[in-house]
Amino acid sequence: MPTFDKQKGHYPYVAEHLDVVKGWLDGDFKTKRVFLEHYWGLSEARDNLDPKKNALVKAIAGWESKDGVVEHILICREYRLAIRRGHPGAKPGPFKEDTRFLFAKDVDDIRELFRNAHKNGLLKHDNYKLIQMVEEPSFFAEDRRAQAILKKMEGVAYEAHQFNRHWPLATGWSKPEKVVRGAKWTIAQNKEYIFYYGPIIWKSKQYYEFIERDWLHTYWKAGLPKHHPQMHYYLNTFPHAHGRGRPLGPESDPHSVLGMTKWLIREIKIDQQQKKESQQQPERDK
1 MPTFDKQKGH YPYVAEHLDV VKGWLDGDFK TKRVFLEHYW GLSEARDNLD PKKNALVKAI
61 AGWESKDGVV EHILICREYR LAIRRGHPGA KPGPFKEDTR FLFAKDVDDI RELFRNAHKN
121 GLLKHDNYKL IQMVEEPSFF AEDRRAQAIL KKMEGVAYEA HQFNRHWPLA TGWSKPEKVV
181 RGAKWTIAQN KEYIFYYGPI IWKSKQYYEF IERDWLHTYW KAGLPKHHPQ MHYYLNTFPH
241 AHGRGRPLGP ESDPHSVLGM TKWLIREIKI DQQQKKESQQ QPERDK
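Here the sequence shown is numbered in my numbering, starting from 1 and rising by one per residue.
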């Protein structure tokens with residue numbers, strides 16, 4: 001798998017402007033803010049509430065030992081995938097409509113776990129932002145049971161893949177109107193929404209140039225917030241079978257992962273920054 005160390009010196013723009021990174025603090029990135037994914041409910045051993053034995057505490061501590069600042073923890077119960085990957089004891093969440101949801105007790109246990117880990121000197125903080133990673137894009141916006149659990153958390157993350165049941169965009173699992181409904185509800189509750197985009201396809205039968213950009217333009221046209229301060233865009237560029245072979249860099253290659261990242265930063269962050277600056281400029285004397 002290609003890694004960023006092979007691209008050192010070839011992504012100055014992304015290194016300067018990227019806000020949050022996943023799984024990598026070396027290389028040229030200036031940011032120390034990281035996000036991580038975590039599956040709860042895979043086994044009792046992983047979820048052990050003794051902070052010295054808990055898998056989530058160990059993951060956070062690992063990043064903090066490298067001077068990382070954990071920005072968001074994208075967390076869910078992922079029992080179907082987990083069972084296929086060798087966790088036969090994995091359990092689903094409370095709702096058949098979206099089995100990724102945590103139980104309310106899960107959230108309470110994790111909060112107490114953080115406090116105890118901090119008290120024991122294992123973590124730098126006594127609390128972290130828990131973002132519920134959902135499977136169904138709008139169920140939670142219409143279900144009071146799910147909303148009661150989300151009140152205990154800091155936000156929602158939705159994964160939009162460019163393959164399997166998410167394909168095609170117009171009729172697949174990630175229909176823009178449903179994603180927009182979920183995102184707007186989340187933001188209206190003064191919570192954070194993460195649009196976790198990818199993996200994106202590369203040289204598959206369905207691919208055409210810049211399809212990865214076109215999907216985002218479709219979401220924005222449908223009303224997905226683009227510049228709201230509680231709206232975040234995270235890229236999942238794992239080289240899934242459909243995306244394998246896409247070059248990692250350099251950022252000057254618009255088809256590379258770093259090139260895609262550069263484009264998205266300009267669309268989301270720099271475009272808004274330039275608009276603010278233009279609005280702040282004093283009017284010239286007439």
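Ideal placement from N, C-alpha and C gives every residue a C-beta, glycine not left out. Note that this is a predicted model, so its numbers are computed, not measured.
Excluding sequence positions up to five away, which residues of its chain have a Cβ less than 7 Å from the Cβ of residue i?
{"i": "T186", "result": "G155, V156 and Y193"}
{"i": "F29", "result": "A15, L18 and V21"}
{"i": "R46", "result": "A55"}
{"i": "G243", "result": "P199, I200, I201 and W202"}
{"i": "K53", "result": "none"}
Give the DSSP-derived three-state secondary structure of residue i in the structure shown.
{"i": "F29", "result": "coil"}
{"i": "D143", "result": "coil"}
{"i": "E267", "result": "helix"}
{"i": "M1", "result": "Reliability of the predicted coordinates at M1 is poor, the pLDDT of 46 falling under 50, and the value obtained from them is presented with this limitation in mind. Note: M1 maps to coil in three-state DSSP."}
{"i": "F35", "result": "strand"}
{"i": "I75", "result": "strand"}
{"i": "I131", "result": "strand"}
{"i": "F103", "result": "coil"}
{"i": "G9", "result": "coil"}
{"i": "D50", "result": "coil"}
What do you reckon, is the C-beta of residue i under 7 Å from a heavy atom of the ligand GDP?
{"i": "Q206", "result": "Judged by which ligands are present, the structure shown has none, so any question about the ligand GDP falls away."}
Could you work out which residue in the options is closest to residue i when comparing CA atoms only?
{"i": "Y219", "options": "Q206, Y233 and E209", "result": "Y233"}
{"i": "H72", "options": "M133, K52, F101 and K6", "result": "M133"}
{"i": "Y79", "options": "W63, V70 and R100", "result": "R100"}
Just to confirm my understanding: we take residue i, look at its own chain, exclude 5 residues before and 5 after, and list those with CB closer than 8 Å. What are they?
{"i": "K191", "result": "L150, M153, E154, G155, V156 and Q230"}
{"i": "S252", "result": "H10 and G259"}
With a CB to CB cut of under 6 Å and the five nearest residues on each side skipped, what residues in its chain are close to residue i?
{"i": "L25", "result": "K66 and G68"}
{"i": "A104", "result": "I149"}
{"i": "S138", "result": "K178, R181 and G182"}
Would you kindly work out how many angstroms separate the C-alpha atoms of residue i and residue j, rounded to a whole number?
{"i": "F140", "j": "G9", "result": "43 Å"}
{"i": "A188", "j": "V107", "result": "22 Å"}
{"i": "I268", "j": "G249", "result": "20 Å"}
{"i": "F4", "j": "G27", "result": "6 Å"}
{"i": "W40", "j": "K184", "result": "26 Å"}
{"i": "A148", "j": "K178", "result": "20 Å"}
{"i": "L81", "j": "P247", "result": "27 Å"}
{"i": "E159", "j": "Y197", "result": "6 Å"}
{"i": "G89", "j": "E44", "result": "8 Å"}
Applying the 10 Å Cβ sphere with the 16-neighbour rule, what's the burial state of residue i?
{"i": "R181", "result": "buried"}
{"i": "F259", "result": "A quick correction: the sequence has Gly, not Phe, at residue 259. By the 10 Å Cβ count, G259 comes out buried."}
{"i": "Q206", "result": "exposed"}
{"i": "K221", "result": "exposed"}
{"i": "Y208", "result": "exposed"}
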